[in-house]
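Before any comments, here is the structure.
Number of protein chains: 4
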Amino acid sequence: MTHSAKVAVAGVGNNISALTQGIRYYANLAAQGVPAEEFPGIKRPEIGGLSVYDVEIVAAYDIDAEKVGSELNEAVFQAPNNYPRLGVEMAPTGVVVETGISPDATVDDEIRRLARSLRDSGAEVLLYSLPTGLQWAATAYAEAALTAGVAFVNCTPEIVGRDEQLHARYVSAGVPLVGDDLASHIGTSVVHRSLLALFAERGITLASSYQLNLGGNEDFRNLREQGASKRQSKLNALAQDGVPLDRVDVIPSAGYVPHLMDHKVAYLNIEGVGWANTPVEVDLKLRVQDSSNAAGVIIDLIRIAAAALRAEEKGFVAAAAKLLKSPPKGHPSYSAHDVEASFAALSPSAS
Amino acid sequence: MTHSAKVAVAGVGNNISALTQGIRYYANLAAQGVPAEEFPGIKRPEIGGLSVYDVEIVAAYDIDAEKVGSELNEAVFQAPNNYPRLGVEMAPTGVVVETGISPDATVDDEIRRLARSLRDSGAEVLLYSLPTGLQWAATAYAEAALTAGVAFVNCTPEIVGRDEQLHARYVSAGVPLVGDDLASHIGTSVVHRSLLALFAERGITLASSYQLNLGGNEDFRNLREQGASKRQSKLNALAQDGVPLDRVDVIPSAGYVPHLMDHKVAYLNIEGVGWANTPVEVDLKLRVQDSSNAAGVIIDLIRIAAAALRAEEKGFVAAAAKLLKSPPKGHPSYSAHDVEASFAALSPSAS
Amino acid sequence: MTHSAKVAVAGVGNNISALTQGIRYYANLAAQGVPAEEFPGIKRPEIGGLSVYDVEIVAAYDIDAEKVGSELNEAVFQAPNNYPRLGVEMAPTGVVVETGISPDATVDDEIRRLARSLRDSGAEVLLYSLPTGLQWAATAYAEAALTAGVAFVNCTPEIVGRDEQLHARYVSAGVPLVGDDLASHIGTSVVHRSLLALFAERGITLASSYQLNLGGNEDFRNLREQGASKRQSKLNALAQDGVPLDRVDVIPSAGYVPHLMDHKVAYLNIEGVGWANTPVEVDLKLRVQDSSNAAGVIIDLIRIAAAALRAEEKGFVAAAAKLLKSPPKGHPSYSAHDVEASFAALSPSAS
Amino acid sequence: MTHSAKVAVAGVGNNISALTQGIRYYANLAAQGVPAEEFPGIKRPEIGGLSVYDVEIVAAYDIDAEKVGSELNEAVFQAPNNYPRLGVEMAPTGVVVETGISPDATVDDEIRRLARSLRDSGAEVLLYSLPTGLQWAATAYAEAALTAGVAFVNCTPEIVGRDEQLHARYVSAGVPLVGDDLASHIGTSVVHRSLLALFAERGITLASSYQLNLGGNEDFRNLREQGASKRQSKLNALAQDGVPLDRVDVIPSAGYVPHLMDHKVAYLNIEGVGWANTPVEVDLKLRVQDSSNAAGVIIDLIRIAAAALRAEEKGFVAAAAKLLKSPPKGHPSYSAHDVEASFAALSPSAS
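Residue numbers (our numbering), protein chains in the order written: chain A, 1 to 351; chain B, 1 to 351; chain C, 1 to 351; chain D, 1 to 351.
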């Protein structure tokens, strides 16, 4: 029988809400006798002997005062988190959100504190999923994991897996390091990329294309810019009896739409020319649950990292290459064959 | 026989390119014997006895070094103008673009210089169509027109028609003043507004809605914001053999797409709920030629202003109320009846 | 206190599923203290003193062997019905579906049988909602209602309210007759019509337009065959000043897509030209819950009919004019003023 | 120097209009010094030493009274043809459309007459491009080509290349036979197929999908009737690992919309579920010039057939496998390596 992967999470945002609710959702399916091969939205029912519900959160870190001290199951629903409640019953986890590494404290002390907490929790993997842009935090958490001998997964674009010196120290310590930057389960980039490739493959000459992204979670709020006055002016133009303007959002040139909550919407347009310079045009709208898009990949990265630790692998794990936007040596360095071989090496029978 | 309206233009941008080419296009149709009632895209074939081709540009002002000194017909195609060439043959106008009011010179001197130029040109109307945001310029041109006794049309949101003191001085001088802020011929606002009104009228409860605008002309460039690094990262994700990335634009949260040139694209989404809280959803894409959208309204404002001057009307002209976003006293002050009465009063036989 | 309207239904399809579940949904809201003015998706919280939940089904008729003999609450979920379960708890109604008028039996006997059943049930209104195309059935049910002194509402395009002789007999008998042909709460026709009107109003010349409808319920399966007459009826619904219908194409049933269940999807495209013959294009997708679209209007027609019976009105009730596609004398015969006066006359305090 | 491929065409519809105008368009580009690698919309600038403009129509057959007896350049614009005029100047071809094989005449006589005409014309290739559904005509033209020793290209789904006995006789006679059924340059099937594959590859579970096609040319008018077999053929085109076809609906001719002329519009919808059963939705509109989509592939098939004849190849030519919907032994029988080897064998230097 397989022991669940024990995971600590740094950052209790929408991704963790999606992750914890989803794990529970699939555990319920399994309890109802649904075979793992029929689980909706899952590409690999098993990685390294671990099913998608064989993941247990054993520690959680955040610096939001409303989250610290809460039971994990409550913290994941704390604003500004806005991933939907999926209606699955969440049993108490026993995990209380602890204070994460603070920018104000002495970093070395903090790293020591975290390493101790990680060791005490029994975590095999530390999942780093803070807001984008905090390089210092990514580095500090990675140091803490290394100190504690815990595998590290970096969901953000911060440089961790690509930091050669850090990677070398993980290798020396015999600890897996998986990063950087989560690829979406299915996102705008991959859809856009597929259609552009199709045009090229068929000999349609690309004339122009654009891609617009909008959403309503914290990621999009951070992306937002000025435009307030223009927005108000356009809203005014819509004012009329019976229209509740507080439910209308006008974006002259941007993409933070609070009503979308954790949904992400993308618009693509591709214009090309074919035979005799005659036009071909594609218009596409994509709508996804943003954090499900993350969690659907996180679940694989966690299992890869945990299985790698158990199999005594060190540093980067090739199985993760396609699940990341920036693997250490770039995508072309990892062939499909390498990736599959890496997955195979993670299975318990392989050792 | 009607004498053409003589018009001076301040700002030789895409709007003027659309205006001058369009006037020529319709003049050609008329020469081919097409009755004015069958002209495409024209709501009012005649205003105050003036057909849409009864408009003659007699002076033009700009401060772009590439435009000043050029024949008007060449200046309208000067970058960054990017309204398309419609393929109509443009006879020489004899109008050379003059230097407009400069922010560096003494304003009073400039006003005097412009007033003299306007008088010399024989203009009946000055059309103000500079980039949005230059209140000082709008005011200065309005002063010059007032000094010269020339009717003024303000296409921009700057406060001119709504400036009560200035309006009073136009009235005293017996000169028409038409502003502020051009409504589009058919634009995002009016389409969005119509659909929201329809939802309200039918008793569908609005849940949420958004509107996105993008375009490729100078207006949109001005609206642009940061986001450069994010944009590059998303572009990188599209990189692959056979795909010319220089023809791909990715906008994480914005709307300046150079490939669109003078086209404007809007995406609307409207979500509501009907009976028993079940959903209703509308998704809409609108694509227009941005400056045609302006010129189709400008042609009416010019004719209103010229006819009003000839009919010895003073200050604001009610016929223009629905063609502006911000008429002096707000839309509700001008009833449909007032507007039609104003149009009627402009016809030569009415005087 | 108001007594609920007592209604018998002929045809237990998706419309009745939407109607019964919706009534329960709103009753629950009321029980939770939500004021009727805040009910989602409701235009008129009260008609003739009746709220939307003041409607009680007291008899139901169908000829489907699977439905006859079932409790109404079970029959509404019987295939081919595929309106969703809304998750509201449905208390037993005590109504068992009776055999409707059969095409095989002697019609006069059947009418007598139904009239007796209607009288026994205490129904004030008979709602006729069988599949489109059964003129004989519509006539027979209308005769039964007349015999029983029960107000009649015809949801279908069959000729009942427009049958002048039948209407005269309802007037003589002092019974309300409300028909024909339900307008959708919000449907393709009204959205298409609004946008075509907007183009005309703004002076955009229509170049071409098309409308496609698809769905997955029995209506769409049936439409796939007919089509031509429905197409003309839908084109008629777009007729208005300034819209050249010869440039509009309507495809009532582009596709029967079973996966859509009771959803209806429409695609609209409108191409026009504006200033200088430059193009304007609109693309729109509309998605609605088809039978909610019907039930949201049925709830008003039932209340109108019941209140009219109580107020001793006879024959057609002007309040219903805008809720029908084919009122007896055509839409222009019923002014907005007439309609509102008719609504006012239905209120209990008015009598 | 390469001699142009000499081609006879059976059926002078939109495809031939696109083909002849396009050849002229590219010839003009070449004359202006544009290198073939920069031609828009062309995947293979050269096949067997033949550029896209190295194709000369030497004979044309049709049974439309308005086309027979006309110069080819005029016949291609004869209604119901409605491919646009591309504005390229068409030099007289010297080809007058001859009467094609008539269903009323004795077939053997007709085959002999056509074979004679083909031989007299000097044609190397006969391109069969009549309306879909005329198996007898496809067979008769193929017999005539075989008799004349002319390579045969079948653009339609009629069984010619897949007729084993006929194929054997072509092989015996040492004549190339290229068929059946043209794949589009870029069409609904390949776009739909790509997106379904992407969903499967990413582990998104398909919930439902539909595809609607509409157009305004004769193909769509004809399809409106047939439909069922075309639907199955289009479904087959989507078959691939991991895609549950029972969740996909295809509507080959949702609508005949005359205003669309030779444009084809498709709407796709794909709904899936990802992590924790949360939804993913794609909506796409594709607009192409239908006959350009055919001509962009025909130009390759003609060059393959002509080069194969010159290289003394017999029967089916593997280079054509991916350009056809139904190659003789099915797609999996022709590996990418086989296809490229076949292309290489066609080049003049290869023999």
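Cβ atoms here follow ideal geometry from the backbone N, Cα and C, with glycine treated the same way.
In terms of residue numbering, what span does the alpha helix (DSSP H) encompassing residue i cover?
{"i": "Gln78 of chain D", "result": "Here Gln78 of chain D belongs to no alpha helix (DSSP H), and DSSP marks it neither H nor E."}
{"i": "Val190 of chain A", "result": "Thr188 to Arg202"}
{"i": "Phe343 of chain D", "result": "Ala336 to Leu346"}
{"i": "Ser121 of chain C", "result": "Val107 to Ser121"}
{"i": "Ser172 of chain B", "result": "Glu164 to Ala173"}
{"i": "Asn28 of chain B", "result": "Asn14 to Ala31"}
{"i": "Ala140 of chain A", "result": "Gln135 to Ala148"}
What are the residues that DSSP puts in a beta bridge with residue i?
{"i": "Ser208 of chain D", "result": "D:Glu271"}
{"i": "Val265 of chain B", "result": "B:Leu214 and B:Arg287"}
{"i": "Lys6 of chain B", "result": "B:Glu56"}
{"i": "Leu50 of chain C", "result": "C:Ile47"}
{"i": "Tyr256 of chain C", "result": "C:Gly215"}
{"i": "Asn71 of chain A", "result": "According to the sequence shown, residue 71 of chain A is Glu rather than Asn. According to DSSP, which records beta bridges pairwise, Glu71 of chain A is partnered with A:Val96."}
{"i": "Pro279 of chain B", "result": "B:Val273"}
{"i": "Pro176 of chain D", "result": "D:Gly315"}
{"i": "Asp249 of chain D", "result": "D:Tyr210"}
{"i": "Leu182 of chain C", "result": "C:Leu324"}
Return the first residue and the last residue of the beta strand (DSSP E) that residue i is part of.
{"i": "Asn154 of chain B", "result": "Ala151 to Asn154"}
{"i": "Ala59 of chain B", "result": "Val55 to Asp62"}
{"i": "Tyr128 of chain A", "result": "Val125 to Tyr128"}
For residue i and residue j, which I take to be in contact (beta-carbon distance under 8 Å), what is that distance rounded to the nearest angstrom?
{"i": "Ala318 of chain A", "j": "Leu346 of chain A", "result": "In fact, because the Cβ distance is near 10 Å, the residues do not count as touching under 8 Å."}
{"i": "Ala197 of chain C", "j": "Gln240 of chain C", "result": "6 Å"}
{"i": "Val153 of chain D", "j": "Gly179 of chain D", "result": "7 Å"}
{"i": "Ala10 of chain C", "j": "Tyr141 of chain C", "result": "5 Å"}
{"i": "Ala266 of chain A", "j": "Asn213 of chain A", "result": "5 Å"}
Report the residue from the options whose alpha carbon sits nearest the alpha carbon of residue i.
{"i": "Leu260 of chain C", "options": "D:Ala266, D:His259, D:Arg247 and D:Pro258", "result": "D:Arg247"}
{"i": "Thr205 of chain C", "options": "C:Ser102, C:Leu301 and C:Thr278", "result": "C:Thr278"}
{"i": "Leu268 of chain B", "options": "B:Leu286, B:Ser326 and B:Val257", "result": "B:Leu286"}
{"i": "Asp120 of chain D", "options": "D:Ala148, D:Asp62 and D:Ile299", "result": "D:Ala148"}
{"i": "Lys234 of chain D", "options": "D:Ser189, D:Ala145 and D:Gly41", "result": "D:Ser189"}
{"i": "Cys155 of chain C", "options": "C:Ala183, C:Asn81, C:Ala145 and C:Glu164", "result": "C:Ala183"}
{"i": "Ala207 of chain B", "options": "B:Gly272, B:Ala60, B:Glu38 and B:Glu89", "result": "B:Gly272"}
{"i": "His357 of chain A", "options": "A:His3, A:Ser4, A:Ala8 and A:Asn15", "result": "Only positions 1 to 351 of chain A appear in the structure, and residue 357 of chain A is not among them; the question remains open."}
{"i": "Ile270 of chain B", "options": "B:Gly41, B:Ala27, B:Pro35 and B:Tyr210", "result": "B:Tyr210"}
{"i": "Asn81 of chain A", "options": "A:Pro327, A:Ile299, A:Ile304 and A:Phe220", "result": "A:Phe220"}
{"i": "Leu195 of chain C", "options": "C:Asp283, C:Gln21 and C:Met90", "result": "C:Asp283"}
{"i": "Val325 of chain C", "options": "C:Tyr61, C:Asp109 and C:Leu301", "result": "Reading off the sequence shown, one finds Lys at residue 325 of chain C, where the question assumed Val. Minimum Cα distance to Lys325 of chain C is reached at C:Leu301."}
Taking C-beta to C-beta, are residue i and residue j nearer than 8 Å?
{"i": "Val95 of chain B", "j": "Val52 of chain B", "result": "no"}
{"i": "Asp262 of chain D", "j": "Pro131 of chain D", "result": "no"}
{"i": "Val107 of chain D", "j": "Val12 of chain D", "result": "no"}
{"i": "Ser17 of chain B", "j": "Phe77 of chain B", "result": "yes"}
{"i": "Lys6 of chain B", "j": "Gly122 of chain B", "result": "yes"}
{"i": "Leu127 of chain A", "j": "Leu118 of chain A", "result": "no"}
{"i": "Leu114 of chain B", "j": "Tyr25 of chain B", "result": "no"}
{"i": "Ser4 of chain D", "j": "Glu56 of chain D", "result": "yes"}
{"i": "Gly215 of chain B", "j": "Val160 of chain B", "result": "no"}
{"i": "Arg303 of chain B", "j": "Leu50 of chain B", "result": "yes"}
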